[in-house]
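Keeping their order, the protein sequence lines are chains A and B. Going by my numbering, the first residue of the first sequence is number 5, and it counts up by one from there. Going by my numbering, the first residue of the second sequence is number 5, and it counts up by one from there. Since the structure comes first, as C-alpha cells, the remarks are kept for the end.
There are 2 protein chains.
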Amino acid sequence: MLTFGLNMTPMAQRPLILVTNDDGITAPGVRTLIRVMNEIGDVVVVAPDSPQSGMGHAITINDTLHCDRVTIDEGPQIEYSCSGTPADCVKMAINELMDRKPDICVSGINHGSNSSINVIYSGTMSAAIEAGIEGIPAIGFSLLDFRWEADFKPLETYIKNITLQALEQGMPKDVVLNVNFPKCENSSDIRGIKICRQAKAYWVEEFDKRTSPLGKDYYWLTGKFINEDGGEDTDEWALSQNYASIVPVQFDLTAHHAMAQLNTWKL
Amino acid sequence: MLTFGLNMTPMAQRPLILVTNDDGITAPGVRTLIRVMNEIGDVVVVAPDSPQSGMGHAITINDTLHCDRVTIDEGPQIEYSCSGTPADCVKMAINELMDRKPDICVSGINHGSNSSINVIYSGTMSAAIEAGIEGIPAIGFSLLDFRWEADFKPLETYIKNITLQALEQGMPKDVVLNVNFPKCENSSDIRGIKICRQAKAYWVEEFDKRTSPLGKDYYWLTGKFINEDGGEDTDEWALSQNYASIVPVQFDLTAHHAMAQLNTWKL
Chain A
5 MLTFGLNMTP MAQRPLILVT NDDGITAPGV RTLIRVMNEI GDVVVVAPDS PQSGMGHAIT
65 INDTLHCDRV TIDEGPQIEY SCSGTPADCV KMAINELMDR KPDICVSGIN HGSNSSINVI
125 YSGTMSAAIE AGIEGIPAIG FSLLDFRWEA DFKPLETYIK NITLQALEQG MPKDVVLNVN
185 FPKCENSSDI RGIKICRQAK AYWVEEFDKR TSPLGKDYYW LTGKFINEDG GEDTDEWALS
245 QNYASIVPVQ FDLTAHHAMA QLNTWKL
Chain B
5 MLTFGLNMTP MAQRPLILVT NDDGITAPGV RTLIRVMNEI GDVVVVAPDS PQSGMGHAIT
65 INDTLHCDRV TIDEGPQIEY SCSGTPADCV KMAINELMDR KPDICVSGIN HGSNSSINVI
125 YSGTMSAAIE AGIEGIPAIG FSLLDFRWEA DFKPLETYIK NITLQALEQG MPKDVVLNVN
185 FPKCENSSDI RGIKICRQAK AYWVEEFDKR TSPLGKDYYW LTGKFINEDG GEDTDEWALS
245 QNYASIVPVQ FDLTAHHAMA QLNTWKL
C-alpha cells in the first residue's frame with residue numbers, strides 16, 4: 005500500500021491518475037506515459053484529438069467542445085478524445101468526465117523541449133498548470149526530441165519514480181513540476197535528476213516570408229533559441245550535461261520584488 | 005522633452021509605441037487605447053483580425069500567418085491586421101513589421117477582467133508578456149466590463165499617466181504590468197491606483213452539455229469565479245473598492261521557495 009503525503013487523502017485503493025498531452029491522443033509520447041501510469045494506478049486519459057503544440061494556456065470560450073470515448077490500445081485505461089486545447093481537456097476531465105478529482109495529473113510526454121521560456125508557450129505545461137490551479141498535484145514531462153518516432157523507453161523508470169515520489173511525499177502547495185529529459189539512447193545515458201530554476205532564455209524570431217500562387221504575402225514563424233543565462237542551476241545547464249531537469253512552476257505570476265519600485269511612481 | 009529611465013535609450017524624438025489587443029483590431033477598447041497613445045508618441049498597431057479571447061500564450065507554429073496594412077480611422081497611427089494570436093502579433097511587429105524595437109508595448113483595453121488567475125488565460129496579457137520577454141517595457145490594460153459598448157472614456161487619463169510613468173521611470177527588469185480598471189461611469193468614480201499582488205482565485209467550471217440536431221453531445225464551457233483570498237493587498241480587493249489595480253507580472257515561473265522541499269525527494 006502507498007502512503008500519501010500532506011496533500012493527499014490517505015487511500016487503500018490505487019491512485020486515480022489523469023493523463024493528457026498536447027501532441028494529440030495518438031502520439032507515441034502519451035502512449036508511453038499511459039503505459040507507465042497503468043503500473044501505478046487507475047488511469048483516465050482525456051487528450052486532444054489533434055496536435056495542440058504552442059497553444060499556451062488557451063481555453064475554448066467562443067466555440068463548442070466535443071468529447072468521444074475511444075479505445076486506442078488494449079490497456080486498462082479509460083480514454084476520451086477531446087476537440088479542445090490541453091487546458092480544456094483538464095477542465096472537461098475534472099468537471100465533467102471523472103467521478104472524483106484525480107490524485108495526480110500527468111501531461112506529456114511532449115515531443116520536444118519545454119525547458120526555460122518554452123514553459124510559457126507549452127500546451128503540455130498549460131495542462132499541468134490548469135490541474136494545479138484546480139488543486140491537483142500535476143507534472144508535465146517532455147523529451148528534447150521533437151521527432152514523432154522519438155524513443156521514450158529510456159525515460160520510463162524516471163517518470164515512474166518521479167510520479168511515485170509526488171504521490172508519496174506530496175507536492176509543494178500551488179506548484180506543478182516541469183520535467184525535461186535530455187535526448188538519450190539508454191536510461192544509463194541520463195546522469196540523474198537536478199532540481200533547477202528556469203533559465204533566462206528567449207527566441208529570436210525569423211519570419212519566413214513567402215508569396216502565395218495568387219500573389220499574396222504570408223509568413224511562417226521560425227526562430228532561433230538564445231540562452232544567455234550562464235548559471236549552473238538552470239534547466240538548460242542540467243539538460244546540456246545530460247541530467248533530467250525538474251523546475252517547480254508557480255501560477256502566482258506576481259513579481260513581489262518589483263512592488264516597492266512601482267510604489268515610487270507618481271500615480 | 006521626455007526624460008527616460010534606466011531601461012530606455014535617451015531620445016529627443018517621440019517614443020515609438022506598439023499597440024495590440026486580443027478582442028480584434030476593430031474593438032472599441034483598442035480604438036480608445038490608440039487614441040490615447042497618439043497623444044504620447046508614434047503609434048504602430050498590430051492586432052488580430054478577429055477576437056482571440058482566452059488564447060493564453062498561444063503562438064501559431066503549424067499554420068501560416070497573414071498581415072494586412074489597414075486604415076480604420078483618421079488617426080496618424082500605422083495599422084496592421086494580423087491572422088494570428090496576440091503573441092503572434094507582437095512577434096510579427098517586432099521582428100518583421102517595425103523598423104526598430106518599440107519603446108513600449110501596450111495591449112488592450114480588454115473588454116473584461118484580467119485580474120487574479122485570469123492573467124493565465126488572457127490574450128491581452130500574453131501580448132504584454134511576449135513583449136516583456138523580448139526586452140520591451142509592456143503594459144496590459146483591462147476594464148471590468150465585457151460589453152462591446154463598454155465606456156472606456158473614464159480610463160483615458162489613467163492610462164496616459166501610467167504609460168508616461170513607465171516611459172519616464174523605466175520598468176522593473178523582466179516585469180510587465182497587468183492593469184485592471186473597475187467598471188465606472190466617470191473618471192472620478194475611480195478612487196485611485198493600487199500596486200497589488202495577484203489574488204489567489206480560480207474558476208469552477210460548469211459545462212453546459214447539449215445535443216446537436218444529429219444527436220451528438222457537445223459542450224459549452226461556462227464557469228463561476230471563486231475568490232477565497234481575503235487579503236487587502238490583492239487586485240480583486242482593490243477593484244472591489246473601486247481602485248484600479250496594477251500587478252507586476254513576471255515570466256520566470258520558477259517557484260524558488262519549493263526547491264528545498266523537492267531536494268528532499270528520493271530521485
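In this text, a Cβ means the ideal position worked out from N, Cα and C, and glycines have one as well.
Excluding the 5 residues flanking residue i on each side, which residues of the same chain have their C-beta closer than 7 Å to its C-beta?
i: Ser53 (chain A); result: For the record, residue 53 (chain A) in the displayed sequence is Asp; it is not Ser. Around Asp53 (chain A): Gly28, Ile29, Ser85, Cys86, Ser87.
i: Pro252 (chain B); result: Pro176, Val179, Leu181
i: Ser191 (chain B); result: Pro158, Thr161
i: Leu271 (chain A); result: none
Look up residue i in the DSSP assignment and give the residues it is bridged to.
i: Ser111 (chain A); result: A:Thr24, A:Gly144
i: Ile137 (chain A); result: Answer is none; Ile137 (chain A) lacks a bridge partner.
i: Gln254 (chain A); result: A:Val179
i: Thr226 (chain B); result: B:Glu210
i: Ser249 (chain A); result: A:Asn184, A:Lys198
i: Asn231 (chain A); result: A:Ala205
i: Asp221 (chain B); result: B:Thr215
Kindly indicate which three-state DSSP category residue i falls into: helix, strand or coil?
i: Leu181 (chain B); result: strand
i: Asp239 (chain B); result: helix
i: Leu101 (chain B); result: helix
i: Ala259 (chain B); result: coil
i: Ser244 (chain B); result: helix
i: Lys270 (chain B); result: coil
i: Asn118 (chain A); result: coil
i: Ala131 (chain B); result: helix
i: Pro106 (chain B); result: coil
i: Glu189 (chain A); result: coil
i: Glu153 (chain A); result: coil
If I measure Cβ to Cβ from residue i and keep anything under 8 Å in the same chain, skipping five residues before and after, which residues do I get?
i: Asp178 (chain B); result: Gly136, Gln254, Phe255, Asp256
i: Met263 (chain B); result: none
i: Tyr222 (chain B); result: Lys213, Arg214, Thr215, Ser216
i: Gly60 (chain B); result: Ile124, Tyr125, Ser126, Gly127, Ser130
i: Leu69 (chain A); result: Cys86, Ser87, Gly88, Asp92, Met96
i: Ala31 (chain B); result: Asn25, Pro55, His115, Trp152
Spatial neighbours of residue i within its chain, please: C-beta separation below 6 Å, excluding the five flanking residues on both sides.
i: Ile82 (chain A); result: Val48
i: Lys187 (chain A); result: Leu148, Asp149
i: Ala142 (chain B); result: Cys109, Ala132, Ala135, Gly136, Val180
i: Asp107 (chain B); result: Pro19, Leu20
i: Ile121 (chain B); result: Ala205, Tyr206
i: Glu160 (chain A); result: Val40
i: Leu10 (chain A); result: Unreliable placement is indicated for Leu10 (chain A), whose pLDDT of 44 sits below 50; the coordinate value is still reported in the next sentence. These residues qualify, in order along the chain: Gly174.
i: Gly58 (chain A); result: Tyr125
i: Ile98 (chain B); result: Glu138
| said: Beta carbons nearer than 7 Å to chain B: which residues of the stretch 231-247 of chain A have them? | reply: So nothing in the stretch comes that close.
Handout entry: Proximal residues, the stretch 256-267 of chain A versus chain B, C-beta separation under 7 Å
Key = Listed in sequence order: Asp256, Leu257, Thr258, Ala259, His260, Ala262, Met263, Gln265, Leu266, Asn267.
Check: When Cβ atoms are compared, which residues of the stretch 111-127 of chain A fall closer than 9 Å to chain B?
Finding: Taking a C-beta cut-off of 9 Å against chain B, the contacting residues of the stretch 111-127 of chain A are Ile121, Val123, Ile124, Tyr125, Ser126, Gly127, listed in chain order.
Taking the runs of the alpha helix (DSSP H) that are 4 residues or longer, which of them lie wholly in the stretch 16-97 of chain A? Those alpha helix (DSSP H) runs which fall completely within the stretch 16-97 of chain A and span 4+ residues are 32-42, 90-96.
**Request:** Could you please tell me which residues of the stretch 41-67 of chain A, in chain order, have their CB closer than 8 Å to any CB of chain B?
**Result:** Residues are counted here when their Cβ sits less than 8 Å from a Cβ of chain B; for the stretch 41-67 of chain A these are Pro55, Ser57, Gly58, Met59, Gly60, His61, Ala62, Ile63, Thr64, Ile65, Asn66, given in chain order.
| task | Can you give me, in chain order, the residues of the stretch 178-191 of chain A that have a beta carbon less than 7 Å from any beta carbon in chain B? | result | Within the stretch 178-191 of chain A, the qualifying residues are Val179.
Give, in chain order, every residue of the stretch 91-102 of chain B whose Cβ lies closer than 8 Å to some Cβ of chain A.
Of all residues in the stretch 91-102 of chain B, only Ala91, Asp92, Lys95, Met96, Ile98, Asn99, Glu100 place a beta-carbon less than 8 Å from a beta-carbon of chain A.
| task | With 9 Å as the limit, tell me which residues of the stretch 130-148 of chain A have their beta carbon closer than that to any beta carbon of chain B; keep them in chain order. | result | Listed by position along the chain: Ser130, Ile133, Glu134, Ile137, Glu138, Gly139.
- Name, going along the chain, the residues of the stretch 200-220 of chain A whose beta-carbon falls closer than 9 Å to a beta-carbon of chain B. Hits within the stretch, in order: Cys200, Arg201, Gln202, Lys204, Tyr206, Trp207, Val208, Glu209, Glu210, Phe211, Lys213, Arg214, Ser216, Lys220.
Next on the checklist: By the 9 Å beta-carbon criterion, what residues does the stretch 78-91 of chain B contribute toward chain A?
Outcome noted: Cβ contacts with chain A: Ser87, Gly88, Thr89, Ala91.
Point to revise | Members of the stretch 153-175 of chain B near chain A, C-beta cut-off 7 Å | key: When CB distances to chain A are screened at a threshold of 7 Å, the residues of the stretch 153-175 of chain B falling below it are Asn165, Ile166, Gln169, Gln173, in chain order.
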